[in-house]
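Trainee: In this note's numbering, the protein residues as written are 522 to 1018. Idealized CB from N, CA, C, for every residue including glycine. Note that the structure is a prediction, hence the values are computed from the model and not measured.
#1: Taking DSSP as the reference, what is the three-state secondary structure of residue 653?
#2: Look up residue 579 in the DSSP assignment and give the residues it is bridged to.
#3: Would you be able to state if there are at least three C-beta pairs under 8 Å between the segment 622 to 641 and the segment 591 to 609?
#4: According to DSSP, which residues form a beta bridge with residue 898?
#5: Residue 811 to residue 746, Cα distance in whole Å?
#6: Measuring only the C-alpha atoms, how far is residue 661 from residue 709?
#7: Where does residue 544 land, buried or exposed, given buried means 16+ other C-beta within 10 angstroms?
#8: Taking Cβ to Cβ, would you say residue 816 is nearer than 7 Å to residue 803?
#9: Going straight from the alpha carbon of residue 879 to that of residue 937, what length do you get?
#10: If we ignore side chains and look at the alpha-carbon of each, how far apart do residue 868 and residue 908 end up?
#11: Please determine, among 777, 674 and 858, the residue with the shortest C-alpha to C-alpha distance to residue 721.
#12: When we look at the beta-carbon of residue 866 and count the other beta-carbons within 10 Å, is it buried (16 or more) or exposed?
#13: Using the C-alpha atoms, what's the distance from residue 716 back to residue 681?
#14: Which residue's Cα is closest to the Cα of residue 642: 778, 751 and 649?
#15: Once the 5 residues before and after residue 844 are set aside, which same chain residues still bring their CB inside 7 Å of it?
#16: Given this structure, state the Cα-to-Cα distance separating residue 582 from residue 892, to the nearest angstrom.
#17: Should residue 978 and residue 968 be called a contact, given that it needs their Cβ atoms to be closer than 7 Å?
#18: With burial defined as no fewer than 16 other Cβ atoms inside 10 Å of the residue's Cβ, what is the status of residue 689: buried or exposed?
#19: Assign residue 886 to one of three DSSP states: helix, strand, or coil.
#20: Roughly how many whole angstroms lie between the Cα atoms of residue 859 and residue 830?
#21: Under the rule that 16 or more other beta-carbon atoms within 10 Å means buried, what is residue 948, buried or exposed?
#22: In this structure, does DSSP put residue 623 in helix, strand or coil?
#23: Roughly how many angstroms lie between the CA atoms of residue 678 and residue 601, to the nearest whole one?
#24: Excluding sequence positions up to five away, which residues of its chain have a Cβ less than 8 Å from the Cβ of residue 959?
#25: In angstroms with no decimal places, state the Cα-to-Cα distance between residue 1060 and residue 718.
#26: Could you check how far apart the C-beta atoms of residue 823 and residue 791 are, in whole angstroms? I think they sit under 8 Å.
#27: Could you have a look at residue 570 and say whether DSSP puts it in helix, strand or coil?
#28: What runs of the beta strand (DSSP E), each 3 residues or longer, lie entirely inside the segment 753 to 817?
#29: So, for residue 902: in the same chain, excluding its five sequence neighbours on each side, which residues have a beta-carbon less than 8 Å away from its beta-carbon?
#30: Name the residue from 807, 885, 980 and 944 whose alpha carbon lies nearest to the alpha carbon of residue 930.
#31: With 16 as the cutoff for other CB atoms within 10 Å, does residue 704 come out buried or exposed?
#32: Are residue 754 and residue 776 close, meaning C-beta to C-beta below 7 Å?
#33: Taking the beta strand (DSSP E) that residue 675 falls in, what are its first and last residues?
#34: Which residues mark the beginning and the end of the beta strand (DSSP E) in which residue 946 is found?
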């Protein structure tokens, strides 16, 4: 027989004890349940003011794209808005409007034909849209100004993630490529950098080699390659035809980002010549053959560019007033970290004497002195009268010298026993486009001809007087380092995956 002491169970002390025990157990059970179901989490990260501002900017961009009937670009903007800013208060407050725009975008893009490739999406030109009508109107106006001598193909370039880098577009560097980027002033450029979603006008300077009578009668066309390059987006090559005297719509390219599993890293070490301190130094990374790039600060003698696409790059010290470096090539491989070393040198001040004569007064030599810094070019301007363009360009300081070349015209190093102040322009001048190493006492002859033989020549003599290292901002001027530092090859040193 089992007996219970009811008096003890109902005593005040036991009642209170049981109550506290039950409450404690209930609280623990609830807490455990919350933990198990994942409802307890650290305080959520609050969106920053900058993120709130960017979310607002994205929505304005989204609305503008829809208003312009630019639904493919709107789809890109919407994707970025949802992916990066859905946690912001602004997004939540305007979610109804965002969903309305998302529905319209889905409806309008449902029937758009898209060629889906690994690197990009290709969308044929939609000439009925407001945006393409504007593009073609601009292209046709440009062609009409030079009938038979100009042709334009219109390519629209967008990046999947426009916030991490702008699209860069250039013609192929091959010897047979004649396609160039048409600038706003009517000239041609081998390369251009654009905002995502910009129209790129592609033309050819090659039409100028045909006679006017041939250009229209034979329906001349030029075919070549256009290359789109990026650090975080797939490199893309397109074959494009440009017809003389015509504006044609090529279409729209939406270049995809490179998945991180296919990316690699690049670690850049910076070595310096004696006495140089890397104060506020940074390294710029560019895709080989393209500009611009991305810049990262140097910390403890190096910097790391992580999760960048595989391929060839160049790295160099970002421009500053005290020091620089020659560009160094490196190849990044998927899943690996490549290391390369660049060498920083103090800039040098190059002092030189010059003598100049122009076609208006060929017997009157002007003279003067000038000082420019390594990696700079010189535009004489009023010193030479009407020569308003750059004439010589200095290169990087490396291995105790820099180079000089003609920025326009031609340059030749000369040797003579005649005093500089008395010498005439050399009769044996031979045009050259080479780079010359520079040392004190060197003499160079420069010549430029513009407007044909009838208008004569612009000629100059340049003598290098003195080369001095630039003064350091935080200390006295240091002497030049006599140590030659060779540029090493970049190599793969370790794996990150």
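Mentor: Reading it off the structure:
#1: The sequence position of residue 653 within the chain shown is 132, counting from 1. Here residue 653 sits in helix by DSSP.
#2: On the chain shown, position 58 is the one that residue 579 refers to. Answer by DSSP bridge pairing: none, since residue 579 is not bridged.
#3: Short answer: they touch.
#4: Reading the chain shown from its first residue, position 377 is the one you call residue 898. In the DSSP output, where bridge partners are listed per residue, residue 898 has 914.
#5: Within the chain shown, numbered from 1, the residue matching residue 811 stands at position 290. Within the chain shown, numbered from 1, the residue matching residue 746 stands at position 225. One C-alpha to the other measures close to 15 Å.
#6: On the chain shown, residue 661 is found 140 positions in, with the first residue counted as 1. On the chain shown, residue 709 is found 188 positions in, with the first residue counted as 1. Distance between the alpha carbons of residue 661 and residue 709 is about 17 Å.
#7: In the chain shown, counting from the first residue as 1, residue 544 sits at position 23. Summary for residue 544: the model assigns pLDDT 45, below 50, so the residue's position carries little reliability; its value from the coordinates is reported in the next sentence. Under a 10 Å Cβ-count criterion, residue 544 is classified as exposed, with fewer than 16 other Cβ atoms of the shown protein chains found around its own Cβ.
#8: Taking the first residue of the chain shown as position 1, residue 816 is located at position 295. Taking the first residue of the chain shown as position 1, residue 803 is located at position 282. Yes, Cβ-Cβ distance for residue 816 and residue 803 is below 7 Å.
#9: One-based indexing of the chain shown puts residue 879 at position 358. One-based indexing of the chain shown puts residue 937 at position 416. The alpha-carbon atoms of residue 879 and residue 937 are separated by roughly 22 Å.
#10: Reading the chain shown from its first residue, position 347 is the one you call residue 868. Reading the chain shown from its first residue, position 387 is the one you call residue 908. Going from the Cα of residue 868 to the Cα of residue 908 covers about 27 Å.
#11: Here the question's residue 721 lines up with position 200 in the chain shown. Checked all of 777, 674 and 858; the closest Cα to residue 721 is 674.
#12: Stepping through the chain shown from its first residue, residue 866 is reached at position 345. The residue is buried, with at least 16 neighbouring Cβ atoms inside 10 Å.
#13: As a working mapping, residue 681 is identified with position 160 in the chain shown. As a working mapping, residue 716 is identified with position 195 in the chain shown. The alpha-carbon separation between residue 681 and residue 716 amounts to approximately 12 Å.
#14: Position 121 of the chain shown holds residue 642. The option with the nearest alpha carbon to residue 642 is 778.
#15: One-based indexing of the chain shown puts residue 844 at position 323. Closer than 7 Å at Cβ, skipping near neighbours: 797, 838, 865, 866, 867 and 868.
#16: Working through the chain shown from its first residue, we reach residue 582 at position 61. Working through the chain shown from its first residue, we reach residue 892 at position 371. Cα to Cα, the separation comes out at about 48 Å.
#17: Start at 1 with the first residue of the chain shown, and residue 978 comes out as number 457. Start at 1 with the first residue of the chain shown, and residue 968 comes out as number 447. Here residue 978 is near residue 968, since their CB atoms are less than 7 Å apart.
#18: As a working mapping, residue 689 is identified with position 168 in the chain shown. Label assigned to residue 689: buried.
#19: Here residue 886 is taken as the residue at index 365 of the chain shown, counted from 1. Looking at residue 886 - three-state DSSP - the assignment turns out to be coil, as it is neither helix nor strand.
#20: Against the chain shown, residue 859 aligns to sequence position 338. Against the chain shown, residue 830 aligns to sequence position 309. Whole-angstrom Cα-Cα distance: 12 Å.
#21: Within the chain shown, residue 948 is the residue found at index 427, counting from 1. It is exposed - the Cβ of residue 948 has fewer than 16 other Cβ atoms within 10 Å.
#22: By one-based count along the chain shown, residue 623 stands at place 102. Three-state DSSP puts residue 623 in a helix.
#23: By 1-based counting over the chain shown, the position of residue 678 is 157. By 1-based counting over the chain shown, the position of residue 601 is 80. Cα atoms of residue 678 and residue 601: separation of roughly 17 Å, rounded to the nearest angstrom.
#24: Here residue 959 corresponds to residue number 438 of the chain shown, with the count starting at 1. Result list for residue 959: 871, 915, 922, 923, 924, 925, 985 and 988, in chain order.
#25: Summary: the structure shown does not reach residue 1060, with the chain confined to residues 522 through 1018, and so no result is reported for it.
#26: Within the chain shown, the letter at position 302 stands for residue 823. Within the chain shown, the letter at position 270 stands for residue 791. About 6 Å; that satisfies the 8 Å criterion.
#27: In the chain shown, residue 570 corresponds to position 49, counting from 1. If DSSP states are grouped into helix, strand and coil, residue 570 belongs with the helices.
#28: 757 to 764, 768 to 776, 785 to 793 and 803 to 808
#29: Taking the chain shown and counting its residues from 1, the one referred to as residue 902 is at position 381. Closer than 8 Å at the Cβ level, and outside the excluded window around residue 902, lie 908 and 909.
#30: The residue labelled residue 930 in the question sits at position 409 within the chain shown. Checking every option, the nearest Cα to that of residue 930 belongs to 980.
#31: Taking the chain shown and counting its residues from 1, the one referred to as residue 704 is at position 183. Exposed, because fewer than 16 other Cβ atoms sit within 10 Å of the Cβ of residue 704.
#32: Against the chain shown, residue 754 aligns to sequence position 233. Against the chain shown, residue 776 aligns to sequence position 255. Yes, they are a contact pair.
#33: Taking the first residue of the chain shown as position 1, residue 675 is located at position 154. It spans 673 to 680 - the beta strand (DSSP E) in which residue 675 sits, taken as one unbroken run.
#34: Residue mapping note: residue 946 aligns to position 425 of the chain shown, counting from 1. Residue 946 -> no beta strand (DSSP E), and no H or E assigned at all.
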